[in-house]
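Asker: Under our numbering, residues 1 to 353 are what the sequence shown spells out, in order. We treat Cβ as the ideally placed atom computed from N, Cα and C, and that holds for glycine. Predicted model only: the values in this text are computed from it and were never measured. Take this structure first; my questions come after.
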Amino acid sequence: TFPDNEKIAILTRSRSHLSELINYIRKFKPTLKFNAVEIDALDQHQSIQDILSLSYAMLDLSDRIHWLAILRAPWCGITLNDLVILFQDDHASTVWEIINDANKINTISSDGRKRINRLVDILKNAFEHKNKIHIRRLIESVWMNLGGELCLHNPNDIVDINKFFDILQTSSTPIAIDFELVEHQITKTYLSDIPSAEERIQFFTIHKAKGLEFDTVIIPSLNSTTRASDKKMIVSDNYIKNNHIYDVTAFNEPDNKLPHLHDLIYNIEKNKEENELKRLLYVAMTRAKAKLHLVGSLIFKDEMKPASNSFLSMLWSIYGKHFHEVKPTAHIEIDTPNSKIEDFVPKLMRLKI
């Protein structure tokens, strides 16, 4: 436990390390309030995935997958049972044709009929204006009319929704969308970080934490590594001598048994990477004003040794003996899969209509 006014930061080398922790917290500690800075891209936001499906569907009536996705989105919220009744026996008709077929719609629940009829009315009106207004305005107005903003879990999410619509506008003509460009852009654009007073715990990559200070800093995953650099066929570097810059390039010669220029430059580059790792660890540790927690784990084998490209390897001469003194106290039991497949029904989040 930490004092209520204490600022806590969890720092890691890469977004992937943070994502693992964040996903764990979201799954097992959903009530824990935290703020993650530039960790999740727009494409990870469910509401944005729903709008993307709406965009695909409105421009292609034959796109069955995205049409089914908008029927399941919170603004419509058709149950799985109703979907099965409507679509299990008709694979030739488009979803749009089926949901406009009164005979088929009458076979589902009254709630399902009400939801589909509402969706159809809004989309029919939109299709009448399809070639009259910019595609961004068209899709945005449909989303608003369907109650998309009311389905957001957090009011601040509208900032990210607007980011998506801006990307949609810059990636489209008035009547068409470059979906390949849209999907590329939303993987490179991060969700906004708007911290609240309740979110005392903040997740950062170390690069994003530069210049900041926190009462408590936690550096987990000390034994985690990032992808090591491959030994390149060609390496180059430059040196300054007598106010002149000299570029040096060397080729790898696998059959040459003697050390040569390639190895020299490669080792210099490797030393630079090691020094950068030390600098990164220094930056992380000095963000703490009062308390610093270093967290690492190792698999107990005959020889206990940290990964060479890790923070733990740098601290091993100081803390290695403590690992040797610790005996494993926890045993992890792995559940064996049951022969019977358990029924799984995902929770349906939907707008009250």
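Starting from Asn309, trace the alpha helix (DSSP H) both ways and give me its first and last residue.
Answerer: Here Asn309 belongs to no alpha helix (DSSP H), and DSSP marks it neither H nor E.
Asker: If we ignore side chains and look at the alpha-carbon of each, how far apart do Leu18 and Lys163 end up?
Answerer: 23 Å
Asker: List the endpoints of the continuous beta strand (DSSP E) containing Asp215.
Answerer: Residues Phe214 to Ile219.
Asker: Report the partner residues of Asn35 according to the DSSP bridge assignment.
Answerer: Partner(s): Gln202.
Asker: From the DSSP output, in three-state form, read off His184 for me.
Answerer: helix
Asker: Which of the three DSSP states is assigned to His322 in this structure?
Answerer: helix
Asker: Secondary structure at Ala284, three-state DSSP: helix, strand or coil?
Answerer: helix
Asker: For Ala174, which residues of its own chain have a beta-carbon under 6 Å away from its beta-carbon, when the five flanking residues on both sides are left out?
Answerer: Reading the sequence as shown, one finds Pro at residue 174 and not Ala. If we look at Pro174 and ignore the five residues flanking it on each side, its Cβ neighbours are His134.
Asker: Under the three-state reduction of DSSP, which class applies to Thr12: helix, strand or coil?
Answerer: Residue state, collapsed to three classes: strand.
Asker: Helix, strand or coil for Leu292 per DSSP?
Answerer: strand
Asker: Quick test of your reading: Ile203 and Ala36, contact by CB under 8 Å. State the CB separation rounded to the nearest angstrom.
Answerer: Checking the sequence shown, residue 203 turns out to be Phe, not Ile. The pair is a contact, with the Cβ atoms about 4 Å apart (cut-off 8 Å).
Asker: Which same chain residues, not among the five before or five after Ser313, have their C-beta less than 6 Å away from its C-beta?
Answerer: Pro306
Asker: Can Ser53 and Ala69 be called in contact, C-beta distance under 8 Å?
Answerer: yes
Asker: Among the candidates Asp111, Ile186, Ile10 and Phe87, whose CA atom is the shortest distance from the CA of Arg350?
Answerer: Asp111
Asker: Below 8 Å on the Cβ atoms is my contact criterion, and I expect Ile39 with Arg15 to pass it. Report the Cβ-Cβ distance as a whole number of Å.
Answerer: 6 Å
Asker: Which stretch, first to last residue, makes up the alpha helix (DSSP H) that contains Asn156?
Answerer: Element bounds for Asn156: n/a, residue is neither H nor E.
Asker: Out of Ser221, His207 and Ile51, state which residue places its alpha-carbon closest to the alpha-carbon of Tyr282.
Answerer: His207
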